[in-house]
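Here the sequence shown stands for residues 13 to 620, numbered as in our numbering. Structure first, commentary second.
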Amino acid sequence: SAQLKIFTQQDKVYLEFESYIDQIEVSKINQNIPDILANTEGARWINNVLTEGILTDIKLTTRFNMSGDLDSPNTKFSANLMGAKISVNSDWPDIDELDAKVTFSNDYLKIVGNKASIDGIDLSYLSITTRDFNQPNAVMSLNGRFNSQSKKIAEFITQSPVSVKIKSYFDEFELDGKLWGNVNLVVPLQKISGQKTKIAFDMFVSENSLTLLTGKLKVDEFSSQLSFSDGLIRTKGKGLIGGEIFQISLNPKEWLNDQKNNFRVKLSHLDSKTNFYVTKNLTNQWDGVLESDSLQANISLTVDKNGNYSVQLQDLNIESFENIDIWKLTPNMFPSFHLSSKNAKFNGKTIPNLQVNLVNKENVMQIKNLIFENIGLSNEDLIFNGNWLNGKTLLRAKASNDNLSNFLTKFGVDEPVVGGSFNVDLRLYCDCEPWQITTKKVSGFMKADVEKGVFTNQDPNLFKLLSYINLESIANRLRLTRGELREQGYVYDQINAKLLFSNGVAKVDYFLVESDESDIELTGSVDLIKRDYNLAANVQPSIADTIPLATYLAGGGLAGLGIWAADKMLFGGEVIGGLLDNVVEITFMISGPWSEPIIKKLDGVKVL
13 SAQLKIFTQQ
23 DKVYLEFESY
33 IDQIEVSKIN
43 QNIPDILANT
53 EGARWINNVL
63 TEGILTDIKL
73 TTRFNMSGDL
83 DSPNTKFSAN
93 LMGAKISVNS
103 DWPDIDELDA
113 KVTFSNDYLK
123 IVGNKASIDG
133 IDLSYLSITT
143 RDFNQPNAVM
153 SLNGRFNSQS
163 KKIAEFITQS
173 PVSVKIKSYF
183 DEFELDGKLW
193 GNVNLVVPLQ
203 KISGQKTKIA
213 FDMFVSENSL
223 TLLTGKLKVD
233 EFSSQLSFSD
243 GLIRTKGKGL
253 IGGEIFQISL
263 NPKEWLNDQK
273 NNFRVKLSHL
283 DSKTNFYVTK
293 NLTNQWDGVL
303 ESDSLQANIS
313 LTVDKNGNYS
323 VQLQDLNIES
333 FENIDIWKLT
343 PNMFPSFHLS
353 SKNAKFNGKT
363 IPNLQVNLVN
373 KENVMQIKNL
383 IFENIGLSNE
393 DLIFNGNWLN
403 GKTLLRAKAS
413 NDNLSNFLTK
423 FGVDEPVVGG
433 SFNVDLRLYC
443 DCEPWQITTK
453 KVSGFMKADV
463 EKGVFTNQDP
473 NLFKLLSYIN
483 LESIANRLRL
493 TRGELREQGY
503 VYDQINAKLL
513 FSNGVAKVDY
523 FLVESDESDI
533 ELTGSVDLIK
543 RDYNLAANVQ
553 PSIADTIPLA
563 TYLAGGGLAG
573 LGIWAADKML
583 FGGEVIGGLL
593 DNVVEITFMI
603 SGPWSEPIIK
613 KLDGVKVL
């Protein structure tokens, strides 16, 4: 059928001829259109790329300008397309099962459909448009709306002829779940133009599983918008890491500085107001900055050729662990990695530089081979290991050295201690996470053996109290001032001790100090929370055959001197020496706060 119309438009008179065809195969388009239209670039393109399908409700419209100079007639073809296949480029998959409206004329082409499929991806909308085929800058624009799965879309993009830069983004992360969105592809029609194919997309993911760092960092229930334009991919969404909500942004516009890295990630833990900024600098190196109200650090992550992780912390500053509980961290959230830390501080105090291996074995994170750097300690001087399993922490430390004072100095501990070889074995357990460890929660024990050293009474800690007690007993015995004795210090031969820790209290299992001047046995406990003492110290002076000793035992004065002289002349000093060598015991009670301990000597001298 056909019809003829004459009409005016914008003061011009047109003659329009319309003809209709019910149905033809796409391969027969050129046989059913005027030669003037069949010889256009649009018709040639349609004939080349449409390889299958049926055209229905076909309408051919030819319009003539009847006013003034006669222009070349303009012919337009329009039809419904069903079950078509479009093969645009051998590098791209075919578009199948296309149902669309096709329109083209001398210099214009448009295909708009609401059903299609490309490489197994369903398209709910597809638009292909172009005009001015023969112009040097002519392009074809393809717009599509899809609904599929994240893995399928990623696979399609990585196998397509898009740029290597676009494909490289999908090497950094992996998505699994529902994904939908819009894509725009602009393809130059003239190869000699020097133009490149441009791609842009806006995608939306809902409750996906997102993995980073080759699967080691997992984000659950990830929902986000993903966009790509001007060569940069961006995301902004939320997901669960370890059950905690994080805002996750890829290449956000807001950044710490003016870095232009093509892959930047910002993780924000909303409850604790913690931000983690990550950039990828090299193929296997990530650098980051961690910021929160109570925690700051510069972090570098390196992955070697065997897939092993190394984490370097620089300028770590921890003010408190109060907000970490919000994160609900568990051992199985972390891979095994080697950790090093430099210039770290906790509550304003410097922490020695260290290295340690953290080994993940299912639900247990093992702490292995902790080494403190640049303090002159070998692996044999200090051995530190531990385990972190869900809700429980175990720590084991062994230290040994031939000089206690040097060992303490290397850790920045300024104590008036000289010499002393030692061995210490410390084992602690806490029914808590590592960052929840407190004095109240810890239980365990410490064994210590120290030999041949000197300490003085400068500060009111436990060892200084022992010095004070010993000086007190010696001063009483020798009638010397404690100040005179402090100048020399308290020389000890050996210290053997075992302390039991529970509920914030250190109970003395045994504590023996041996020296030439005396032996000291300590019993009782120390409250580590209240910081006070509840101790008894039994001092056994080593009695020498001297006048001051005899004076002390006899109550002083000439009587004491007489007893000493009589024993010396009549019995050669055997009586007093035999009776009193290592059998005199003086008892001190120690109580009160650490800052001002109360040391009370019990009356009398006990002869054992």
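Beta carbons: idealized from backbone N, C-alpha and C, even for Gly. No experiment lies behind these values; they were computed from the predicted model shown.
- With a contact defined as Cβ atoms closer than 8 angstroms, V217 and F234 qualify at about 6 angstroms.
- Runs of the alpha helix (DSSP H) spanning 4 or more residues and lying entirely within the stretch 257-296 do not occur at all.
- Within the same chain, Cβ atoms closer than 6 angstroms to the Cβ of W192 are found at N159, F216, the five residues on either side in sequence being excluded.
- Within the same chain, A409, M458 come within 6 angstroms of L438 by CB-CB distance, once the 5 residues on both sides are set aside.
- The three-state secondary structure of W606, taken from DSSP, is coil.
- In the three-state DSSP reduction, P343 falls in the helix class (H, G or I).
- Rounded to the nearest whole angstrom, the C-alpha separation of T535 and T450 is 24 angstroms.
- The residue from I257, V436, D108, Q21 with its alpha-carbon nearest to that of D393 is V436.
- T52 carries a coil assignment under DSSP once its states are collapsed to helix, strand and coil.
- Just so you know, the alpha carbons of L187 and T170 end up roughly 14 angstroms apart.
- With a cutoff of 9 angstroms on beta-carbon distance, H350 and Q326 are scored as not near each other.
- Around the beta carbon of G403, fewer than 16 other beta carbons lie within 10 angstroms, which makes this residue exposed.
- Per DSSP, reduced to three states, the secondary structure at N59 is helical.
- For T450, the secondary structure class from DSSP, reduced to helix, strand or coil, is coil.
- Inter-segment contact for the stretch 22-30 and the stretch 48-56 is absent: fewer than three beta-carbon pairs are separated by less than 8 angstroms.
- Residue pairing by DSSP places C442 opposite T405 in a beta bridge.
- For Q171, the enclosing alpha helix (DSSP H) begins and ends at 162-171.
- DSSP places D183 outside both helix and strand once states are collapsed to three, so it counts as coil.
- If you draw a 10 Å sphere on the C-beta of E445, you find 16 or more other C-beta atoms in it, and that means buried.
- Taking the Cα of E303 as reference, the smallest distance to any Cα among L328, I178, D183, V454 is reached at L328.
- Per the C-alpha coordinates, the member of K208, N550, K292, P609 positioned closest to I598 is N550.
- With respect to the 9 angstroms criterion, K278 and Q308 are not classified as neighbours on the basis of their beta carbons.
- DSSP places Q367 inside the beta strand (DSSP E), whose first and last residues are 366-373.
- One Cα belongs to I602, the other to F396, and the distance between them is close to 33 angstroms.
- Rounded to whole angstroms, L67 and P347 show a C-alpha spacing of 58 angstroms.
- Cα atoms of N92 and T223: separation of roughly 44 angstroms, rounded to the nearest angstrom.
- Less than 9 angstroms divides the Cβ of S117 from the Cβ of F89.
- Between V151 and Q237, the gap from beta carbon to beta carbon reaches 9 angstroms or more.
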